[in-house]
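A quick write-up on the structure given underneath.
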Amino acid sequence: MLMKFFVVTIDGPAGAGKSTVARHVAEALKICYLDTGAMYRSVGILAVSQKKDPVDVARTMDFKIIYSEDGEKRIMVNGRDMTALIRTPEADKEVSKVAAIKEVRRHLIKKQRSFAQGQSLVLEGRDTGSVVFPEASYKFYLDASVEERARRRYEQLAQKTTPPTLDEIQKDIIRRDNADKKRPWGALTIPENAVVIDTTNLSLEEVVAEILSHIEE
Ligand code: DC
Numbered sequence: 002m003l004m005k006f007f008v009v010t011i012d013g014p015a016g017a018g019k020s021t022v023a024r025h026v027a028e029a030l031k032i033c034y035l036d037t038g039a040m041y042r043s044v045g046i047l048a049v050s051q052k053k054d055p056v057d058v059a060r061t062m063d064f065k066i067i068y069s070e071d072g073e074k075r076i077m078v079n080g081r082d083m084t085a086l087i088r089t090p091e092a093d094k095e096v097s098k099v100a101a102i103k104e105v106r107r108h109l110i111k112k113q114r115s116f117a118q119g120q121s122l123v124l125e126g127r128d129t130g131s132v133v134f135p136e137a138s139y140k141f142y143l144d145a146s147v148e149e150r151a152r153r154r155y156e157q158l159a160q161k162t163t164p165p166t167l168d169e170i171q172k173d174i175i176r177r178d179n180a181d182k183k184r185p186w187g188a189l190t191i192p193e194n195a196v197v198i199d200t201t202n203l204s205l206e207e208v209v210a211e212i213l214s215h216i217e218e
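The sequence shown begins at 2 in my numbering and counts up one residue at a time.
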C-alpha cells in the first residue's frame with residue numbers, strides 16, 4: 002500500500018543510467034520526476050554564457066521540466082529551452098565547478114525540496130538520498146563499471162553529435178567521479194538504507210523492475 006505522497010531518490014555516478022531509469026520509474030508510478038543534475042548543468046552554462054555569479058544564477062533561476070505529448074523532456078530555465086545546451090561537453094566541464102560551491106547547492110536543494118510539496122516525486126542525482134531527502138521513503142543507488150558507463154555516454158552523444166573518442170569520454174567520467182566523490186559538500190556517497198543496484202549487466206527493464214519491486218511490495 003503506497004503512502005499518500007512519497008519520495009523516491011536515485012543516486013549514483015555519471016552514466017549509471019539514473020535519468021532513463023528515474024523517468025521510467027516515475028512513469029510507472031504516475032508521479033513527477035526531477036533531474037537534479039539538469040539544475041546544476043543549467044547554473045554552469047548560464048553563469049559562463051551570461052558572465053554571472055553562479056550563486057546568483059542558482060538563487061534566481063526559474064527551473065521547469067516540461068514533457069511534450071511524445072514524452073520528450075524539455076528543460077526550461079527562465080523561460081528559455083536549455084535542453085540541448087546543458088548536454089554539451091562544455092556543460093560537462095562547467096558543472097563540476099558550480100556543483101562544488103556550497104551556496105549554489107544550498108539554493109538548488111531548497112528548490113528540489115519545494116518540488117516535492119503536495120506531490121510524490123522521483124529525484125535523481127548525487128545527494129538526493131543523503132542530503133536532499135535523507136528521510137525519503139525509497140532510496141536507491143545505481144552503479145556500473147567505468148567502461149560500461151563510458152560506452153553508454155558515447156552512444157547517447159553519438160545520437161546528437163560527433164562524439165569524442167571512447168577513451169576521452171572514459172577519462173572525463175573518471176574526472177567527474179573524482180570531483181563528485183571528493184566534493185566537501187553533497188559528495189557522491191551511498192545513502193544510508195539505500196538499495197544498491199549494479200546495472201553493468203542489466204537491461205533498463207530489469208533495473209526498473211527491481212526498483213518497482215521494492216516500492217510496490
Ligand atoms: O547527473 P548529471 O551528469 O547530469 O549531473 C551533472 C553534474 O551535476 C554532476 O557531475 C555533479 C552535479 N550534481 C550534483 O552535484 N548533485 C546532484 N544532486 C546532481 C548533480
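Glycine included, C-beta positions come from ideal geometry on N, C-alpha and C.
Treat the numbers as computed from the prediction; the structure is a model and nothing was measured.
Contact check, I67 vs D36 under 8 Å by CB: the rounded distance?
That pair is no contact at about 12 Å.
So within the region 72–126, which uninterrupted alpha helix (DSSP H) runs reach at least 4 residues, ignoring any that extend past its ends?
Scanning the region 72–126 from its first residue to its last, the whole alpha helix (DSSP H) runs of 4-plus residues come out as 90–100 and 103–116.
Can you find at least 3 beta carbon pairs, one from the region 40–57 and one from the region 177–193, that sit closer than 8 Å?
In short, these stretches do not touch, since the Cβ pair count stays below three.
Tell me which residue opens and which closes the beta strand (DSSP E) that K140 is part of.
For K140, the uninterrupted beta strand (DSSP E) segment begins and ends at Y139 to D144.
Which term fits V197, buried or exposed, when burial requires 16 or more other beta carbons within 10 angstroms of its beta carbon?
Of the other Cβ atoms in all chains shown, fewer than 16 fall within 10 Å of the Cβ of V197; this residue is therefore exposed.
Flag this pair as yes or no: are the beta carbons of L109 and I46 separated by less than 7 Å?
No.
Under 8 Å, with one C-beta from each stretch per pair, do the region 113–123 and the region 69–87 reach the 3-pair mark?
Touching, no.
Please confirm if the region 154–162 is in contact with the region 130–140, defined as three or more CB-CB distances below 8 Å between the two stretches.
No, the region 154–162 does not touch the region 130–140.
For D178, verify whether its CB is less than 6 Å away from any heavy atom of the ligand DC.
D178: no, Cβ never under 6 Å from the ligand DC.
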